[in-house]
Every structure is written in C-alpha cells, then in structure tokens.
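Down below is the structure, laid out as structure tokens.
Residue numbers (the working numbering): 141 to 355.
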C-alpha cells in the first residue's frame with residue numbers, strides 16, 4: 141500500500157484541481173473529530189483528513205475495514221497500536237509518536253490503532269483498498285457533509301501544503317482565464333481552464349508561438 145500511496149501523490153496535483161470531484165464528511169460520532177474530503181481513484185478511495193486533538197482516553201481504538209496507507213502531511217500525532225481478531229479492543233502493544241512526513245500502512249485485517257494529534261490539528265492523506273469482511277466502528281446516524289466554505293478551505297490547504305506552488309505556466313493560466321471578467325487566483329484559474337475549451341485553445345496558441353515558431 142505504501143507504493144500505491146507514492147503513486148497517488150504523483151497524481152494528486154491533477155486530482156486537487158477539480159474541486160467538484162471531492163466529497164466531504166464531518167466525522168463527529170466519536171473523538172477525535174475528523175474533517176474529511178474523499179474521492180475515488182483507480183480502484184481505491186483517497187481521503188484527506190484534518191484530525192483534531194483529544195485525550196488518549198477519548199480517542200477511538202479501532203481496526204480498519206480495508207487495507208490502507210497513511211502519510212502525515214502536517215502536525216504530528218500519537219498512535220496506539222494493537223492486534224486482535226475479535227471486535228473488542230485488544231491489549232495495547234505499543235504507543236508511538238509520528239512526526240510530519242511519517243508514513244505507515246495497515247495491511248493486516250486484525251491490526252488496531254488510535255491516533256490523537258499533539259500540539260494542534262494534524263493533516264494526513266489516506267488511501268484505502270477494497271473492504272474486508274471485517275466489522276469496524278461506524279456512526280449510528282448519517283454523517284453530515286462539511287460546510288462548503290470549510291470544504292473549500294480544506295482543499296486549498298492540501299493544495300498549498302503538498303507543495304503545488306506556482307510554476308512557470310502560472311501567469312499564462314491566470315491570464316487566459318481573465319475572459320471570465322475576474323482576476324482569479326492560480327488554483328481557481330486552473331480549475332476554470334481545465335474545463336474551458338476557449339482557454340485551452342489560447343494556451344495552445346501561446347505555446348505554439350513561443351516554442352514552435354519557425355525561423
């Protein structure tokens with residue numbers, strides 16, 4: 141799963157452009173509180189999480205219902221791990237602290253963990269495979285989507301935090317999107333351009349004139 145996580149990160153810039161492809165959830169049935177964006181990718185699901193601090197006693201000790209791999213994008217968290225074949229929480233095997241940049245996978249159906257951010261919220265990426273036949277905790281009520289502005293801010297946070305900065309084409313992307321009547325920021329302009337044939341034609345003309353002109 142860690143190899144898939146690395147492959148996903150290569151494609152994330154394009155996935156993050158299209159805000160409409162992401163769905164959101166506020167996971168608040170048990171601490172820690174998690175704000176989630178998710179979407180399909182290949183035969184997997186991609187999750188972007190902001191996890192909020194709670195006490196070790198409050199945090200949910202749980203197995204995953206599918207194989208998964210995670211990377212901490214910002215912040216750090218304490219993780220408790222254990223192993224158990226039953227549905228009741230197993231004995232604690234270890235408690236470790238994972239810093240920003242840490243990666244790990246849960247590929248055994250009987251692995252358990254709990255996480256709780258330290259010194260503020262943490263942001264992480266998770267990729268999940270096809271579900272196992274494994275019971276896992278879930279809400280007894282329908283979870284609500286995030287407020288649209290919170291979902292937008294969350295997507296923008298991951299866009300910036302993952303290092304997708306302005307590149308040499310940024311000025312051109314913003315410039316061709318001016319026909320909308322607005323001066324858009326880079327990501328808003330890029331989201332418009334990928335859906336606008338007029339803008340794509342203008343970019344083609346710019347690059348043809350700049351790089352393919354004949355003497």
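For glycine and all other residues, C-beta sits at the position ideal for the given N, C-alpha and C.
Taking the alpha-carbon positions, what's the residue 195 to residue 173 distance? 12 Å
With the cut-off set at 7 Å, would you say residue 181 and residue 268 are in Cβ contact? no
Leaving out five residues before and five after residue 208 in sequence, what residues of the same chain have Cβ atoms less than 6 Å from its Cβ? 246, 266 and 268
Which two residues bound the contiguous beta strand (DSSP E) that contains residue 189? 184-191
Does the beta-carbon distance from residue 192 to residue 261 come in below 7 Å? yes
Paired residues, beta bridge with residue 161 - DSSP: None; residue 161 has no bridge partner.
Cβ-based neighbour list, residue 257, same chain, cut-off 6 Å, excluding 5 preceding and 5 following: 191, 193, 215 and 217
Measure the Cβ-Cβ separation of residue 276 and residue 202 and say whether it is below 7 Å. yes
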